[in-house]
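Presented below is the structure to which this report refers.
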Ligand SMILES: [Zn+2]
């Protein structure tokens, strides 16, 4: 099956040396702009031959550590370019789902699109699907490594972690582990995304394309957390150093990352009814099976007994729900356990 060619276009010349700031222009025809585009900011920094790093954030608009870490990084990279310290190419898109970023929302207000649930995308789809397709069909073929920075956003609080898919063969597996080691988050989690986006995410599409990729969850709530920002700052620079793309960046040394794996949704806790959620356990705590996790107060029947929620498995809490107001089916807790293989 031949793929339809991407309709997204740019003035950036990916083969030119130096720093270029432009945009990936996504056609979007609206009442007020028949032939208009959505400009997704894109920076290309190239210093001769070498590997290409694709760095993205703002895939979800309400997750901030990655967006800020990339905005800071491009300033460092501009200096590095001026000083001739780049050997390769870095593509930076700090607000990949631009409409969602401008709205401060997870999903795009234009089409409701969740960019990390529509990969590999559609060339002639909605704006969100077109962005995904551009990443898959235009940016991936140029890339030797991919980092897509996420955080918990409006509905989750996360222990700050890096995540990666297992890899499709032994070589891919080794490349992914090496990328996780380089990035150096305190905790790295191997996951197939069964509790999240499974095969519809950016990093799953990178795995399918055979490109080593990692993603992150760097905090929670629609705000900035300092520990998460620090992990992203250091990790991005260390990866660029280790791949030989940039030299002369300062990075603090950190302990080796510890490798974990997520337990699937069958071990998560979901709200059995609407109510007000009282978490009794927090991210990073180690729990036993059947341990009391939290309470859910009913809004419709104030005299009813409060619902007591228990963990379905032993493990370490990797995320928990952030808002108090809860609807039936909302995800409240997720667990991880040490990775053994
Ligand atoms: Zn996200």
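Numbering (our numbering), first residue to last: 8 to 348.
Idealized CB from N, CA, C, for every residue including glycine.
Just so we're clear, the structure is a prediction, and the values are computed from it rather than from any experiment.
Is residue i a contact residue of ligand 1, with contact defined as CB to any heavy atom under 7 Å?
{"i": "residue 104", "result": "no"}
{"i": "residue 66", "result": "yes"}
{"i": "residue 114", "result": "no"}
{"i": "residue 160", "result": "yes"}
{"i": "residue 18", "result": "no"}
{"i": "residue 70", "result": "yes"}
{"i": "residue 123", "result": "yes"}
{"i": "residue 317", "result": "no"}
{"i": "residue 157", "result": "yes"}
List the DSSP bridge partners of residue i.
{"i": "residue 340", "result": "276 and 327"}
{"i": "residue 309", "result": "Residue 309 is not bridged to any residue."}
{"i": "residue 317", "result": "299"}
{"i": "residue 269", "result": "343"}
{"i": "residue 333", "result": "282"}
{"i": "residue 304", "result": "283"}
{"i": "residue 59", "result": "96"}
{"i": "residue 322", "result": "294"}
{"i": "residue 37", "result": "40"}
May I ask you to report which of helix, strand or coil DSSP gives residue i?
{"i": "residue 298", "result": "coil"}
{"i": "residue 53", "result": "strand"}
{"i": "residue 164", "result": "strand"}
{"i": "residue 250", "result": "coil"}
{"i": "residue 284", "result": "strand"}
{"i": "residue 138", "result": "helix"}
{"i": "residue 143", "result": "helix"}
{"i": "residue 64", "result": "strand"}
{"i": "residue 96", "result": "strand"}
{"i": "residue 262", "result": "coil"}
{"i": "residue 46", "result": "strand"}
{"i": "residue 152", "result": "strand"}
At what residues does the alpha helix (DSSP H) containing residue i begin and finish?
{"i": "residue 89", "result": "72-89"}
{"i": "residue 117", "result": "Premise fails: residue 117 is in no alpha helix (DSSP H) and is neither H nor E."}
{"i": "residue 108", "result": "105-110"}
I'd like the span of the beta strand (DSSP E) that includes residue i, first residue to last.
{"i": "residue 30", "result": "25-34"}
For ligand 3, is there any heavy atom lying closer than 7 Å to the beta carbon of residue i?
{"i": "residue 32", "result": "Absent from the structure shown: ligand 3. Ligands present: ligand 1."}
Sequence ranges, alpha helix (DSSP H) only - wholly within the segment 155-242, length at least 4: 177-190 and 209-215
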